[in-house]
Amino acid sequence: MEIVEAIRTRRSVRKYKGDPIPEQIIRELLELAVWAPSGMNTQTWAFVVLEDREYMKNLSGRAKTFLLERLKMMPQLEKYRGMLSDPDMDIFYGAPVLVMIYSSRASGTYLNDCSMAALNLMLAAWDRGIGSCWIGFARGAGNTPEVKKELGVPEEYELVAPVILGYPAEPAAPVKREPPHILNWRK
1 MEIVEAIRTR RSVRKYKGDP IPEQIIRELL ELAVWAPSGM NTQTWAFVVL
51 EDREYMKNLS GRAKTFLLER LKMMPQLEKY RGMLSDPDMD IFYGAPVLVM
101 IYSSRASGTY LNDCSMAALN LMLAAWDRGI GSCWIGFARG AGNTPEVKKE
151 LGVPEEYELV APVILGYPAE PAAPVKREPP HILNWRK
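With the UniProt record's numbering applied, the sequence shown corresponds to residues 1 to 187, in that order.
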């Protein structure tokens with residue numbers, strides 16, 4: 001797949017087949033993720049890979065509880081109250097793999113760096129027929145001391161990008177994109 005095609009056709013996938021992704025492919029995707037640029041080449045990202053569906057189901061429940069307890073502080077999430085209250089709703093959509101991209105906060109560019117690594121991961125996955133979706137709902141719970149301890153993540157690290165991976169159960173619908181909104185082009 002050409003890079004332009006991958007950029008134009010990759011979509012967030014929220015329905016997956018149950019098929020596992022071979023470990024070697026996951027390792028290749030992580031290796032491609034770390035080719036992302038990073039500020040001053042700090043490469044501060046670190047990865048947690050979860051294939052344990054029971055743990056992911058438990059983490060989904062904890063993430064929903066975390067968000068529901070904080071809705072008053074995050075009114076923009078109020079529209080998700082019903083979904084977050086549904087005990088059957090899995091924020092990871094039954095995906096077979098969750099890659100959690102953490103970073104030390106020591107780098108002033110860690111948010112950007114990890115975001116670019118996540119995009120590399122998602123585009124590389126799409127090139128191999130693997131769907132992905134960035135699960136922002138998982139950030140809060142993934143940054144709690146309890147979850148970090150369970151996953152062996154140093155306390156000073158922050159979860160930036162929780163990305164699920166899996167083989168899509170159905171083709172992604174095309175999405176219209178607006179033309180670039182250019183505020184200024186000075187020559």
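From the three backbone atoms N, C-alpha and C, an ideal C-beta is built for every residue, glycine too.
Look at the Cβ atom of residue 47, then the Cβ atom of residue 99, and state whether they are nearer than 8 angstroms.
-> Taking the sequence shown and counting its residues from 1, the one referred to as residue 47 is at position 47. Taking the sequence shown and counting its residues from 1, the one referred to as residue 99 is at position 99. Yes, Cβ-Cβ distance for residue 47 and residue 99 is below 8 angstroms.
First through last residue of the alpha helix (DSSP H) which encompasses residue 16 | Counting from 1 along the sequence shown, the entry for residue 16 is found at position 16. Unbroken run through residue 16: none, as it is neither H nor E.
Segment limits, alpha helix (DSSP H) that includes residue 169 = What you label residue 169 is simply residue 169 of the sequence shown in a count that begins at 1. Per DSSP, residue 169 belongs to no alpha helix (DSSP H) and is neither H nor E.
Helix, strand or coil: which one does DSSP assign to residue 183?
-> Along the sequence shown, one-based indexing puts residue 183 at 183. Reduced to three states, the DSSP call for residue 183 is coil.
Cut-off 6 angstroms between Cβ atoms - residues of its own chain near residue 56, not counting five sequence neighbours on either side = Residue mapping note: residue 56 aligns to position 56 of the sequence shown, counting from 1. Excluding residues within five positions, the ones whose Cβ falls inside 6 angstroms are 50, 92 and 98.
Beta-carbon proximity of residue 160 to residue 111, cut-off 8 angstroms | Walking along the sequence shown from the start, residue 160 turns up at place 160. Walking along the sequence shown from the start, residue 111 turns up at place 111. For residue 160 and residue 111, yes; Cβs fall inside 8 angstroms.
Proximity of residue 4 and residue 172 at Cβ, strictly below 8 angstroms | As a position in the sequence shown, residue 4 is number 4, starting the count at 1. As a position in the sequence shown, residue 172 is number 172, starting the count at 1. Cβ atoms of residue 4 and residue 172: not closer than 8 angstroms.
Indicate whether the contact test is met: 3 or more Cβ pairs, each with one atom in the region 122-133 and one in the region 55-74, closer than 8 angstroms.
-> no
Less than 8 angstroms separating the beta-carbons of residue 9 and residue 103?
-> As a first step, residue 9 must be located in the sequence shown, where it is residue number 9. As a first step, residue 103 must be located in the sequence shown, where it is residue number 103. Result no, Cβ atoms of residue 9 and residue 103 do not sit closer than 8 angstroms.
Is the Cβ-Cβ distance between residue 121 and residue 29 less than 8 angstroms?
-> Taking the first residue of the sequence shown as 1, we reach residue 121 at position 121. Taking the first residue of the sequence shown as 1, we reach residue 29 at position 29. For residue 121 and residue 29, yes; Cβs fall inside 8 angstroms.
What first and last residue would you give for the beta strand (DSSP E) that runs through residue 26?
-> By one-based count along the sequence shown, residue 26 stands at place 26. Run containing residue 26: none in the beta strand (DSSP E); it sits in the alpha helix (DSSP H), 23-33.
How is the beta strand (DSSP E) around residue 228 delimited, first residue to last?
-> Given a span of 1 to 187 for the chain in the structure shown, any question on residue 228 remains unanswerable.
Output the distance between the C-alpha atoms of residue 1 and residue 109, rounded to the nearest integer angstrom.
-> Indexing the sequence shown from 1 puts residue 1 at position 1. Indexing the sequence shown from 1 puts residue 109 at position 109. Taking the straight line joining both Cα atoms gives about 30 angstroms.
Would you mind listing the alpha helix (DSSP H) stretches within the region 56-85 that are 4+ residues and don't spill past its ends, in chain order?
-> 81-85
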